[in-house]
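Peer 1: Please find one structure pasted underneath; my questions will follow.
Residue numbers (my numbering), protein chains in the order written: chain H, 9 to 100; chain F, 14 to 1317.
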């Protein structure tokens, strides 16, 4: 599943990610701290994959393995923003 | 080479699994990618090799060191891509397929072989197969995906220059470190607590197939895809309920499985990647775990609530997902490879799709993913979000190809329907095609039958053949015309008395002409007959009479006192009868097809008998079917021997009058006497008769039945076993038909030809009769799939009208037919469909049972006990402690204030309220009842009654037999009232060697012969033992002295003359005597001969063998004399196992086949090699230990004299040996101890079954795996026992259960 035309999809931001994580955990976004362990908040691999699927549909391009090593929002955002940067350098 | 490290916990399970079955290739995981287009082979090779270089976890070797298996990293084992150009092969793709297949099917040895392989096959100019194979010990599904993606990524970026999409692998050291940390952590303890609590109630695991789960070498695979709508609905439900699609699939799978296993929950194996939040997320290695997750399935919930509850279970299971399920199995004491913790696996593969491979097009083919113990449902999402594929893998030992196909279709259909429904309740289990087949096609029984009455059919027969013989009884006979006259006469009297259409008339008559005449006379007036048994308790009779309100009761003078004075009795053999008035019959007296023909009372669950009303047209359908289907002719003779209160009698009574043949009436009481019956059948030339199967068993056991010829025998009323069917065809020449039906459906509704070529086991009840439908349904009245148990329902013309006067009960059991017109009747029986449509009965759904064909409501018996006095608890159950021997046992918890009940009085009280076959055979008083987790009475834990009543057989006849039976009873501690039959086997009655010794002492006193215990093994039944004694009195000494004492080298422990199966040889333990195996020999099923092999040194005149190999060679020579050709089955306990292995080696070397080598807790000699030879005292101490005596208080050093004295004091069976023989045992023990230290094993290439004494050997290094250098493979079966108790009766059963499987 590759990225789709991103013109109509909202772009992925740290806050969008926070809101999505909160929704799948039935929590308020304010409960999801940047450096909290998402496992401690109740996230498991199956839910994480479902989030990643959602974000991929929004144009993100990071594999599950990288996310899974360290399930923390700040770390994930670094992966996403770093990958986004390298995405730009892809040959057209 | 680097420093070795222990295996991770995840690897240990696979290591042992492979080690126990070294030839099994099922642990190879493999896949191939089909590639079309341009592939830069050099760049691809570089990518593969670079990735493999970094995947260090795959380049390991295992060494089995004394402190456990260790991992060695070995760069020499790193896989390099092998490239094979097959373009010039005949069929390149086929060639590649078979090369891949061959590799995947070759078992790997982790101590030696490279565990990973990478192959590229070029099969066309622009077509390649890329094959990867890795042993499951070092990789899992996630790891394989990681590896494959990395290789694709490396290749693509090298040929296109694209940016890397994957990261380099993490280090395997971090995985090892995490594993080591987890083992010591508090988290692991918490995880363990979670799982132990989850399984604290030790649930029975619901399984689709209850066979033992041996890991097969292959699997069956079926693939299906789901509709796109399903994928879309899955996605939308997931977002609507805030669930994930994999969890929804898992939950629905749990619901699917519950439809096949019944009960209230499913326990599934859920593979879990176990990498989230771990460094292992980036390491190709073996990390995954299979979690046993318990899903309660409550179909009354809404779909949403059900899915949410299942997702919660998954969430908490995953939180504790690191704890190994192999470890949990050990924690729970589920020892041995076949004990399961969960049913099928639900393996959902949400891993990312295969990424781009340069510019080529690719398709992934997953071949093996590890062992398939049962069923594995692999569910994989496609590239688009709405695609979903099922790949169903099954263990071919447990499932047929058809089973797997059906499951694949049914599973997809069920999930597609379930996801659209508001609740699971509305979802059918079957596919529409299956529904059509199992509801309608199997029930195509429509057949034209005239709508008429028994009366009309009989009168027609009278016109057709007035002078033919209708009835025979005690040498007299009646023609059809005479019978018609007599019945008319009685009918006219009854009419004058006031009997009219719609009335009920009771009959209480023994078998006689009058019985038949009365039945017809009653029906000629349009009334229904109601049979009463004067032997039934007065209470029961009066309840029936009060309920049915008969117009009158027809009886004989001799039975008259069974009925209250105020009843309207008509006594047929009293002179007043002859003076009764008569009124001529008119056609309007005759019944119509819808009038009641008879009413029979059956046992009721409320404790009140229920009157079943059957109409004429229903029973006419049943009889016309039978007459046509079995081709009855006027020259047939049918035997009437069934009591008329039992509905089987109905066809016996009436079928002759539809056929024009004659009915032979058996004298009263004759139906209980096999020899009498056989005589009647012979003398009266009976062609057709009926037996309840248990009576048939007794009949066949009687010599009088030998060689009987009939046209047909019908069996019904209870389960016909395959054993009785087979014995029937050995003993008699006749057709045998198995029929089934409740009283509520005009006698029988299904049939099965149990012919001599029928090999079905269990014997089915078969197919529906004319105009009848059978349905097997679940609790929501949904048809169940074949092979699945459900409630059996009957529809069609034979259904009863009602329960007389009980509209409530009628409405409860006769319900509207959900599949068409009319009603269906709930039988209360549980049954399943075979694939060919034959129905197999599997028991009662309620507590109602059948004893000797007669229905018994346990509640009725409980009510009778409760009416005696005050109890805290009463439970009555039917037990089957011996197969085929069902008996009723009552358990009582007395009221604390009232004190213990007088059981004699209680018994006689109960016998006045229930019929004789319902009186419990034992009353057991308890302090409290065992309860299960939900606080309900745990019926399974109620104790077995002490030995008493045992199966009925031929009673002892000769004087010697009677004496022997008395001695058996005495030795076994049985009550005098207890009857032992001539065929009863001493050991099957619970005798063991200690009791046998006691018996032999008494037998010596009574008969004056010197008898060794061995005589009892060769002559274990009363009849054979007695025959042996009689022979001894006549004959001179034919056997050697040793044989007579049971001390010969070969001793038959069990002779199964009729069995053609190869025997089992059981080799003596250290003491040289094999009597200890007598119990095990009797637990083997099917029966086969068993011989003990015993030490020559027991005879003081014989030299002792100098080496164990010489001993083994001698034993092999001896067994070849008994059985010249293989396959051989060898088994031994302790030292016996060592000798058996040496015998197996020798047999194999001389070209014989050894099918079974089994050891009861034996270990290789290496362990004792360096210990000094024992002195005599130590060896004697060992002997006392073997005999189970405490050596602490015995003066030491031990001498032979002291040991002999101690054995005699303890009345141990060994003590009954002569002084010489006992000295023989002592020298054999000492010699065997010496030989063990000197023996060096050679290798036997077959498999060893090792029964491991799991409760013993703590603190030693003794382990079954120590045999691995000396045998081809080891299968370990854990027996929860210490070494010395391996052959106790209880453990013998466990050993036999597994041994039976491997012998077959």
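Note that the Cβ used here is the ideal one computed from N, Cα and C, for glycine as well.
Since this is a predicted model, take the numbers as computed values, not measurements.
1. Would the region 333 to 340 of chain F count as touching the region 23 to 39 of chain F if we require 3 or more Cβ pairs under 8 Å?
2. For the region 1142 to 1185 of chain F, which segments carrying the beta strand (DSSP E) assignment without a break, of at least 3 residues, lie completely within its bounds, in sequence order?
3. What's the C-alpha gap between residue 312/F and residue 269/F?
4. Starting from residue 52/H, find everything on chain F with Cβ-Cβ shorter than 7 Å and list it in chain order.
5. Using the Cβ count rule (16 or more neighbours within 10 Å means buried), how would you classify residue 597/F?
6. How long is the line joining the alpha carbons of residue 240/F and residue 212/F, rounded to whole angstroms?
7. Tell me which residue opens and which closes the beta strand (DSSP E) that residue 143/F is part of.
8. So, for residue 138/F: in the same chain, excluding its five sequence neighbours on each side, which residues have a beta-carbon less than 6 Å away from its beta-carbon?
9. Express the C-alpha separation of residue 201/F and residue 776/F in angstroms, rounding to a whole number.
10. Please decide whether residue 314/F counts as near chain H, where near means a Cβ-Cβ distance under 8 Å.
11. Using 8 Å as the limit for Cβ to Cβ distance, is residue 171/F near chain H?
12. Look up residue 654/F in the DSSP assignment and say whether it is helix, strand or coil.
13. Suppose contacts are defined by Cβ-Cβ distances below 8 Å. Is residue 907/F in contact with residue 884/F by that definition?
14. Can you check the region 1049 to 1118 of chain F for any alpha helix (DSSP H) of at least 4 residues that lies completely inside it and give the ranges in chain order?
15. Interface residues of chain F around residue 31/H at Cβ under 9 Å?
16. What are the boundary residues of the alpha helix (DSSP H) that includes residue 1318/F?
17. How many Å lie between residue 1214/F and residue 1239/F at the Cα?
18. Quick check on this structure: which residue in 1097/F, 972/F, 130/F has the alpha carbon closest to the alpha carbon of residue 1310/F?
19. Enumerate in chain order the residues of its own chain whose CB-to-CB distance from residue 477/F is below 7 Å, with the five nearest sequence positions on each side excluded.
20. Look at the Cβ atom of residue 475/F, then the Cβ atom of residue 497/F, and state whether they are nearer than 8 Å.
21. If you compare alpha carbons, which of 543/F, 640/F, 585/F is closest to residue 623/F?
22. Thinking C-alpha only, which one of 1195/F, 1173/F, 324/F is nearest residue 1299/F?
23. Taking DSSP as the reference, what is the three-state secondary structure of residue 565/F?
24. Please report how far the alpha carbon of residue 795/F lies from the alpha carbon of residue 636/F, in whole angstroms.
25. Among 274/F, 275/F, 246/F, 277/F, which residue has its Cα nearest to the Cα of residue 262/F?
26. Can you find a C-beta in chain H that's less than 8 Å from the C-beta of residue 947/F?
27. Leaving out five residues before and five after residue 409/F in sequence, what residues of the same chain have Cβ atoms less than 8 Å from its Cβ?
28. Thinking just about the alpha-carbon of each residue, which of 1253/F, 244/F, 367/F, 770/F is nearest to the one in residue 169/F?
29. Tell me which residues share the same chain as residue 1313/F and place their Cβ nearer than 7 Å to its Cβ, disregarding the 5 neighbours each side in the sequence.
30. In the region 89 to 136 of chain F, which residue ranges form an unbroken beta strand (DSSP E) of at least 3 residues, counting only runs that do not cross its ends?
31. Note down, in chain order, every chain H residue with its Cβ under 9 Å from the Cβ of residue 752/F.
32. Could you spell out where the beta strand (DSSP E) holding residue 517/F opens and where it closes?
33. Cβ atoms of residue 1035/F and residue 993/F: under 8 Å apart, would you say?
34. Taking residue 1068/F as the reference, give the member of 1043/F, 1100/F, 1061/F with the closest Cα.
35. What residues from the region 80 to 91 of chain H come within 7 Å of chain F, judged by C-beta to C-beta, listed N to C?
36. Considering only DSSP beta bridges, list what residue 1303/F is partnered with.
Peer 2: Let's see:
1. With a cut-off of 8 Å, the region 23 to 39 of chain F and the region 333 to 340 of chain F count as touching, because enough Cβ pairs lie within range.
2. Within the region 1142 to 1185 of chain F, the complete beta strand (DSSP E) runs of at least 3 residues are 1167 to 1173.
3. Here residue 312/F refers to the residue found at position 299 when the second chain is read from its first residue. Here residue 269/F refers to the residue found at position 256 when the second chain is read from its first residue. When rounded, the distance between both Cα atoms is 11 Å.
4. As a position in the first chain, residue 52/H is number 44, starting the count at 1. Result: 289, 328, 331.
5. Here residue 597/F is taken as the residue at index 584 of the second chain, counted from 1. By the neighbour-count definition (other C-beta atoms within 10 Å, threshold 16), residue 597/F is an exposed residue.
6. One-based indexing of the second chain puts residue 240/F at position 227. One-based indexing of the second chain puts residue 212/F at position 199. Distance between residue 240/F and residue 212/F, taken at the CA atoms: about 37 Å.
7. In the second chain, counting from the first residue as 1, residue 143/F sits at position 130. Note, residue 143/F: beta strand (DSSP E), 140 to 148.
8. The residue labelled residue 138/F in the question sits at position 125 within the second chain. Its chain contains no residue whose beta carbon lies nearer than 6 Å to that of residue 138/F once the 5 sequence neighbours on both sides are disregarded.
9. As a first step, residue 776/F must be located in the second chain, where it is residue number 763. As a first step, residue 201/F must be located in the second chain, where it is residue number 188. Going from the Cα of residue 776/F to the Cα of residue 201/F covers about 51 Å.
10. Residue mapping note: residue 314/F aligns to position 301 of the second chain, counting from 1. By this cut-off, residue 314/F is not an interface position.
11. Start at 1 with the first residue of the second chain, and residue 171/F comes out as number 158. Chain H contact via Cβ: absent.
12. The count along the second chain starts at 1 and reaches residue 654/F at position 641. It is coil, neither helix nor strand.
13. Taking the second chain and counting its residues from 1, the one referred to as residue 907/F is at position 894. Taking the second chain and counting its residues from 1, the one referred to as residue 884/F is at position 871. Inclusion of residue 907/F and residue 884/F in the CB contact set at 8 Å is warranted, their separation being smaller than that value.
14. Those alpha helix (DSSP H) runs which fall completely within the region 1049 to 1118 of chain F and span 4+ residues are 1054 to 1057, 1091 to 1096.
15. Residue numbering aside, residue 31/H sits at position 23 when the first chain is read from its first letter. By Cβ distance, chain F contributes 255.
16. An answer regarding residue 1318/F cannot be provided, because it is not within the stretch 14 to 1317 covered by chain F.
17. Position 1201 of the second chain, counted from the first residue, corresponds to residue 1214/F. Position 1226 of the second chain, counted from the first residue, corresponds to residue 1239/F. Going by the C-alpha atoms only, they are around 11 Å apart.
18. As a working note, residue 1310/F is residue 1297 in the second chain. Closest option to residue 1310/F, Cα to Cα, is 1097/F.
19. By one-based count along the second chain, residue 477/F stands at place 464. Spatial neighbours of residue 477/F in its own chain (CB-CB distance under 7 Å, excluding positions within 5 residues in sequence) are listed in chain order as 673.
20. Walking along the second chain from the start, residue 475/F turns up at place 462. Walking along the second chain from the start, residue 497/F turns up at place 484. Yes.
21. Reading the second chain from its first residue, position 610 is the one you call residue 623/F. Residue 543/F holds the alpha-carbon nearest to the alpha-carbon of residue 623/F among 543/F, 640/F, 585/F.
22. Position 1286 of the second chain, counted from the first residue, corresponds to residue 1299/F. Residue 1299/F has its Cα closest to that of 1173/F, out of 1195/F, 1173/F, 324/F.
23. Within the second chain, the letter at position 552 stands for residue 565/F. If DSSP states are grouped into helix, strand and coil, residue 565/F belongs with the strands.
24. Here residue 795/F corresponds to residue number 782 of the second chain, with the count starting at 1. Here residue 636/F corresponds to residue number 623 of the second chain, with the count starting at 1. In a straight line, the C-alpha of residue 795/F is about 31 Å away from that of residue 636/F.
25. Your numbering for residue 262/F matches position 249 in the second chain. Residue 262/F has its Cα closest to that of 246/F, out of 274/F, 275/F, 246/F, 277/F.
26. For this step, residue 947/F is matched to residue 934 along the second chain. Because the pLDDT of residue 947/F is 47, which lies under 50, any placement of that residue in the model is unreliable, and the question is left without a value.
27. Indexing the second chain from 1 puts residue 409/F at position 396. Contacts found: 229, 231, 232, 233.
28. Residue mapping note: residue 169/F aligns to position 156 of the second chain, counting from 1. Among 1253/F, 244/F, 367/F, 770/F, the Cα nearest to that of residue 169/F belongs to 367/F.
29. Along the second chain, read from residue 1 onward, the residue named residue 1313/F stands at position 1300. In the same chain as residue 1313/F, and ignoring 5 residues on each side of it, the C-beta atoms closer than 7 Å to its own belong to 1097, 1098, in chain order.
30. The qualifying runs are 94 to 98.
31. Along the second chain, read from residue 1 onward, the residue named residue 752/F stands at position 739. Near residue 752/F there are no residues of chain H at all, since even the closest Cβ is about 54 Å away, more than 9 Å.
32. Here residue 517/F refers to the residue found at position 504 when the second chain is read from its first residue. Start and end: 517 to 521.
33. Taking the first residue of the second chain as position 1, residue 993/F is located at position 980. Taking the first residue of the second chain as position 1, residue 1035/F is located at position 1022. One thing to note: residue 993/F has its Cβ within 8 Å of the Cβ of residue 1035/F.
34. As a first step, residue 1068/F is located in the second chain; it is residue number 1055 there, counting from the start. The residue among 1043/F, 1100/F, 1061/F with its C-alpha nearest the C-alpha of residue 1068/F is 1100/F.
35. Per Cβ criterion, the list is empty.
36. What you label residue 1303/F is simply residue 1290 of the second chain in a count that begins at 1. None, per the DSSP bridge assignment.
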